[in-house]
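**Q** In the UniProt record's numbering, the protein residues as written are 1 to 330. All residues carry an ideal CB built from backbone N, CA and C; glycine is no exception. As the structure is a prediction and not an experimental result, all values here were calculated from the model.
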């Protein structure tokens, strides 16, 4: 019966009923493109015969550092609170910044957490160096445990700092404004089909920065060449801190690493935006088809604990919240 009814429909209606279009989550596109950039930075050190970031070996594999058995340092669980109070006081005193937050949660897969962490570390680099010194000096038995030693190595490594600088610049020029565009102001959901121009522009923009990395720190660079949305950087203090570190010689070949980061990201954007390409699924839609389709720009409805519950109820409609909680905790 269904086949017969379908065959009696006009060709246009048949086409609409047969239509299937896939579009990927913009948050995951950004996350994956960022990862491509990080991989490219790692390759750039070897190709240029430059020293890579210092190896931060874990405790079991580190044959160089001799660890003490100082219980109050090895078992210290107060670093997060100490960090929060230290940074709150210093940021307010030195920068007038009263919006103190916890350090970005890079331990979980959160959109942009690594670019935010890189920006935080670069922007307030002197404070983090001082904070580690205070932690090491304030213990009953002064000195560094393995974790503190690794953090200090990273904060003193020019190659590590160069990578953090490149990641932070990618964040303020591409990643952060991109996610701001695709999420909108929260008043309404954004249709992925309306973001074709933005996604076509991303690899071109990244390729342009690859060839002209100094534009990102140029005082007179036009906005349309340093941010994807043509607006000022979302963190101006970062740029000042980078200039200070460049003058001090703290960053090893920053232009090289910026180019690598953006070149890798460009490959990622090409890889994860095929639905927007000329002749691709979105481009092939008729005006009528495009007006009838809505694809959310983000997969937020299926992310996190609430999203997991949403998916769980979709496939198990008779389930309860208690049953979901029990299943999630098992």
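For residue 331, write down the residues that DSSP places opposite it in a beta bridge.
**A** Past the boundaries of the shown model lies residue 331; the chain is included only from 1 to 330, so the question cannot be answered.
**Q** Write down the C-beta distance between residue 263 and residue 210 rounded to the nearest angstrom, noting that I regard them as a contact closer than 8 angstroms.
**A** Correct: roughly 4 angstroms between the Cβ atoms.
**Q** Do you know how far the Cα of residue 116 is from the Cα of residue 245?
**A** Taking the straight line from one Cα to the other gives about 18 angstroms.
**Q** Taking residue 266 as the reference, give the member of 170, 88, 58 with the closest Cα.
**A** Here the closest residue by C-alpha is 170.
**Q** Looking at the structure shown, is residue 284 part of a helix, part of a strand, or coil, going by DSSP?
**A** Of the three classes helix, strand and coil, the one that applies to residue 284 here is coil, per DSSP.
**Q** Among the residues of its own chain, which have a CB less than 7 angstroms from the CB of residue 257, if the five just before and after it don't count?
**A** Taken in chain order, the residues that qualify are 41, 44, 162, 163, 166.
**Q** DSSP on residue 183, reduced to helix/strand/coil?
**A** Residue state, collapsed to three classes: helix.
**Q** Following the continuous alpha helix (DSSP H) through residue 88, name the residue where it begins and the one where it ends.
**A** Per DSSP, residue 88 belongs to the alpha helix (DSSP H) from 79-95.
**Q** Tell me which residues share the same chain as residue 103 and place their Cβ nearer than 7 angstroms to its Cβ, disregarding the 5 neighbours each side in the sequence.
**A** Excluding sequence neighbours, residue 103 sits near 83, 117, 120.
**Q** Measure the alpha-carbon distance for residue 130 versus residue 300 and round it to whole angstroms.
**A** Looking at the two C-alpha atoms, the distance is approximately 38 angstroms.
**Q** Does the stretch 216-227 come into contact with the stretch 312-322, if we say contact requires no fewer than three beta-carbon pairs (one atom in each stretch) closer than 8 angstroms?
**A** The stretch 216-227, when compared against the stretch 312-322, does not touch it at the 8 angstroms Cβ threshold.
**Q** Should residue 77 go down as buried or exposed, given a rule of 16 or more other Cβ atoms within 10 Å for buried?
**A** Residue confidence for residue 77 is low, a pLDDT of 49 falling below 50, so the modelled location carries little weight and cannot support an answer.
**Q** Are three or more beta carbon pairs between the stretch 13-25 and the stretch 234-251 nearer than 8 angstroms?
**A** Contact between the stretch 13-25 and the stretch 234-251 is absent, because fewer than three Cβ pairs lie under 8 angstroms.
**Q** Which two residues bound the contiguous alpha helix (DSSP H) that contains residue 119?
**A** Residue 119 -> alpha helix (DSSP H) spans 113-123.
**Q** If we count the other Cβ atoms within 10 Å of its Cβ and call it buried at 16 or more, is residue 248 buried or exposed?
**A** Classification for residue 248: exposed.
**Q** Taking the continuous alpha helix (DSSP H) assigned at residue 4, which residues delimit it?
**A** Counting along the chain, the alpha helix (DSSP H) containing residue 4 begins and ends at 2-7.
**Q** With a threshold of 8 angstroms between beta-carbons, can residue 251 be considered close to chain C, or not?
**A** Structure shown: chain C not included; a single protein chain is present.
**Q** For residue 237, does the three-state DSSP call read helix, strand or coil?
**A** In the structure shown, residue 237 sits in a helix (DSSP, three-state: H, G or I).
**Q** When you compare only the Cα positions, how much space is there between residue 97 and residue 298?
**A** Residue 97 and residue 298: Cα-Cα distance of roughly 31 angstroms.
**Q** In the DSSP assignment, find the unbroken alpha helix (DSSP H) run with residue 263 in it and report its ends.
**A** Segment 254-272, the alpha helix (DSSP H) holding residue 263.
**Q** Given this structure, state the Cα-to-Cα distance separating residue 260 from residue 38, to the nearest angstrom.
**A** When rounded, the distance between both Cα atoms is 8 angstroms.
**Q** Can the beta-carbon of residue 177 be found closer than 8 angstroms to that of residue 270?
**A** Result no, Cβ atoms of residue 177 and residue 270 do not sit closer than 8 angstroms.
**Q** Since residue 50 is in the alpha helix (DSSP H), which residue starts that stretch and which ends it?
**A** Looking at the DSSP string, residue 50 is not in any alpha helix (DSSP H), and its letter there is neither H nor E.
**Q** Just to confirm the assignment, what range does the alpha helix (DSSP H) spanning residue 150 have?
**A** 146-156 is the extent of the alpha helix (DSSP H) around residue 150.
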